[in-house]
Amino acid sequence: MFCRAVQGILGLDKGKTWEDVRRNLNDDQVKEIHEAFGSLWTKDTEIASLLPRPNQNISRGIYLGTIDPRTVATNAIGLLTYVDEIILPNPFINPVYIRPEHSPTHSPAHHKEQTIKNVILLLTLEPFIHAGMIHLIPDPMDFNEEFRRSVWSMADERTKNWEPSEEDIQQFKYLNTDDFKRSICRLPEQSQRRQLRQADPDIKDEMIEKVLALMKKQHEEDPLALLQPMELDQDNAQLKIVKGFNLEVALFLAGLTGAFVYTDMLLHWRHLHEHTRAGSTHQTNASWSPVTYAIKTITFPMQYDVKKLMGDRLSGGQSGLIRSLITRLLGSMLNNSTPASLNPMVTQLDSAVKRMQQKWQEQEQFSESVLDMQFEFSVPAAGFENNTVRRLIVTFGRAKDIRIVPIAMLLHTYQEATE
Numbered sequence: 001m002f003c004r005a006v007q008g009i010l011g012l013d014k015g016k017t018w019e020d021v022r023r024n025l026n027d028d029q030v031k032e033i034h035e036a037f038g039s040l041w042t043k044d045t046e047i048a049s050l051l052p053r054p055n056q057n058i059s060r061g062i063y064l065g066t067i068d069p070r071t072v073a074t075n076a077i078g079l080l081t082y083v084d085e086i087i088l089p090n091p092f093i094n095p096v097y098i099r100p101e102h103s104p105t106h107s108p109a110h111h112k113e114q115t116i117k118n119v120i121l122l123l124t125l126e127p128f129i130h131a132g133m134i135h136l137i138p139d140p141m142d143f144n145e146e147f148r149r150s151v152w153s154m155a156d157e158r159t160k161n162w163e164p165s166e167e168d169i170q171q172f173k174y175l176n177t178d179d180f181k182r183s184i185c186r187l188p189e190q191s192q193r194r195q196l197r198q199a200d201p202d203i204k205d206e207m208i209e210k211v212l213a214l215m216k217k218q219h220e221e222d223p224l225a226l227l228q229p230m231e232l233d234q235d236n237a238q239l240k241i242v243k244g245f246n247l248e249v250a251l252f253l254a255g256l257t258g259a260f261v262y263t264d265m266l267l268h269w270r271h272l273h274e275h276t277r278a279g280s281t282h283q284t285n286a287s288w289s290p291v292t293y294a295i296k297t298i299t300f301p302m303q304y305d306v307k308k309l310m311g312d313r314l315s316g317g318q319s320g321l322i323r324s325l326i327t328r329l330l331g332s333m334l335n336n337s338t339p340a341s342l343n344p345m346v347t348q349l350d351s352a353v354k355r356m357q358q359k360w361q362e363q364e365q366f367s368e369s370v371l372d373m374q375f376e377f378s379v380p381a382a383g384f385e386n387n388t389v390r391r392l393i394v395t396f397g398r399a400k401d402i403r404i405v406p407i408a409m410l411l412h413t414y415q416e417a418t419e
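Right, dumping it as structure tokens:
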């Protein structure tokens, strides 16, 4: 419903192209999109009652981190070859809970760049949403002030003495740099010339012209770029409000949906282990180490081309067998099976993945849209239990259906895993 509303507001259902949208996006359209979102997710929404129910016959993961169109191919779409369902945060902000000066309905001009990114993300995920493979969930903090205060208090306590490492910062840095380059390309040409001369006082006029021409070309070809010049005499500040589940919300949702938590961010992985019973118990998960290590050594090719992945999912075949094996493995971990009993399944998984990889390699058209990944599972003896999150589930969720999150997964790119 929301996807259709967005397409109608932007004219995409009437023949407008994405370039038309990037050139002509106006304040009224930004306002209408967010009003539509707010009308679908009103203050009285009982979000817990709308979540997918736990189901041991499928594998379901919830992403711990922020969602972005530049990274969703590898941290969500590509994973659908191996996982039945994924829960992601909805990127749109609900205007009901934002101060007017920051609200997309009261100050829409400040939200144009982020709206472009959110819409392209929504349209990219649309086929998977309709197929029930991706659940795009609004932030539960949007619907209950007491819940919001509780989560903020927990997060403040958790991060009180925490400072991000250089390694943590590097994982976010390239996105910020990419956004900065995009903003520079919207500046008036005279300002761009000045920026180039400040960067290189000896640059020649001829080189400046070449650089400006290249910047313009790249900007026009960038699907995330707003193709509207930035006027210096106006208030052009762009608010970059990105959505993501933090640790407390991710564990809350995982406990209600029977999902395992996964992330591709090292800082979230550390917090998962430092701020749950996984880090405080004297028990270890050493008995699971041979199994988790064996899985980590498997190279999983990930198809992140939307059309090819959707076709592969609908046709079943080898990827369906692999998802079935992973579901059985996760179920065995959940039910505390003897780790050694899983060895035959891991061997089967390795063989099935290699057969699929060989098949993809034979189909040359797949090679450009495949990235190798590795999965690092953690199965602590006490699970990822957190008393504060348990209180959230009792108070705001389904009190009779409290589930400890037993499994988490760190997603590696192939390059990271082999360094």
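Positions 1 to 419 (this note's numbering) are the ones given, in order, by the sequence shown. Every residue gets a Cβ at the ideal spot worked out from N, C-alpha and C, and that includes glycine.
Of the listed residues N343, R328, L266, nearest to L410 (C-alpha basis): L266
Inter-residue spacing [alpha-carbon to alpha-carbon] between F180 and V291: 43 Å
By the 10 Å Cβ neighbour count, where 16 or more other Cβ atoms means buried, how is D264 classified, buried or exposed? buried
Who are H219's beta bridge partners in DSSP? BP columns for H219 are empty, so no partner.
K240 versus N57: straight-line alpha-carbon distance, rounded: 39 Å
Hey, how far is the Cα of K216 from the Cα of Q357? 39 Å
When you compare only the Cα positions, how much space is there between Q228 and T115? 14 Å
Report the three-state DSSP secondary structure of D372 (helix, strand or coil). strand
So which of R390, P138, R60 has the shortest CA-CA distance to G244? P138
Using CA atoms only, rank isn't needed, just tell me which of I184, F172, F2 is closest to L214. I184
Close Cβ partners of E209 (< 6 Å) along its chain, the five nearest in sequence each way excluded: none
Using 7 Å as the threshold, is the C-beta distance between I396 and V353 below it? According to the sequence shown, residue 396 is Phe rather than Ile. No.
Taking only the alpha-carbon atoms, compute the straight-line gap between M310 and I120 and give it to the nearest angstrom. 18 Å
Range of the contiguous alpha helix (DSSP H) that encloses F180: 166 to 185
Let me know the secondary structure DSSP gives E63 once reduced to three states. At residue 63 the sequence reads Tyr, which differs from the Glu that was named. Y63 falls in the strand class under three-state DSSP.
When the Cβ atoms of the region 102 to 109 are set against those of the region 20 to 30, are three or more pairs found closer than 8 Å? yes
Quick check: the Cα distance between R4 and P188, rounded to an integer number of angstroms? 35 Å
Contiguous beta strand (DSSP E) assignments of at least 3 residues, all confined to the region 90 to 175: 134 to 137
I need the straight-line Cα distance from Y262 to R197, nearest angstrom please. 45 Å
Local conformation of I203 per DSSP, three classes: coil
With respect to the beta strand (DSSP E) encompassing V389, which residues constitute its N-terminal and C-terminal limits? From DSSP, V389 is part of no beta strand (DSSP E) but of the alpha helix (DSSP H) over 387 to 396.
Tell me which residue opens and which closes the beta strand (DSSP E) that L411 is part of. 408 to 413
Which parts of the region 233 to 277 are runs of the beta strand (DSSP E), unbroken and 3 residues or longer, counting only runs that do not cross its ends? 260 to 263
From R99 to D142, what does the alpha carbon distance come to, in whole angstroms? 13 Å
Residues bridged to I404 (per DSSP): Paired residue(s): none; I404 is not in a bridge.
Could you tell me which residues DSSP pairs with E85 in its beta bridges? R60
The alpha helix (DSSP H) enclosing M302, as first and last residue numbers: No alpha helix (DSSP H) holds M302; the beta strand (DSSP E) holding it covers 300 to 303.
Spatial distance of A259 from Q190 (CA atoms): 52 Å
Compare the beta carbon distance of T81 and S319 with 7 Å and say whether it is the shorter of the two. yes
Helix, strand or coil for F384, going by three-state DSSP, please let me know. coil
Which word fits N176, buried or exposed, when buried means at least 16 other C-beta atoms lie within 10 angstroms of its C-beta? exposed
So, at 7 Å on beta carbons, what are the nonlocal neighbours of P89 in its own chain, with the 5 sequence-adjacent residues on each side left out? I67, I137, D139, K243, G244, F245
According to DSSP, is H282 part of a helix, a strand, or is it coil? Any reading at H282 needs caution, since the residue's pLDDT is 47, under 50, leaving its predicted position unreliable; the model's value is listed next. In this structure, H282 counts as coil in the three-state DSSP scheme.
Using 8 Å as the cut-off, can you tell me whether the region 123 to 132 makes contact with the region 37 to 47, which would need three or more C-beta pairs spanning the two stretches below that distance? no
Going by DSSP, what residue range makes up the alpha helix (DSSP H) through S337? Unbroken run through S337: none, as it is neither H nor E.
What do you get for E19, buried or exposed, if any count of 16 or more other CB atoms within 10 angstroms of its CB means buried? exposed
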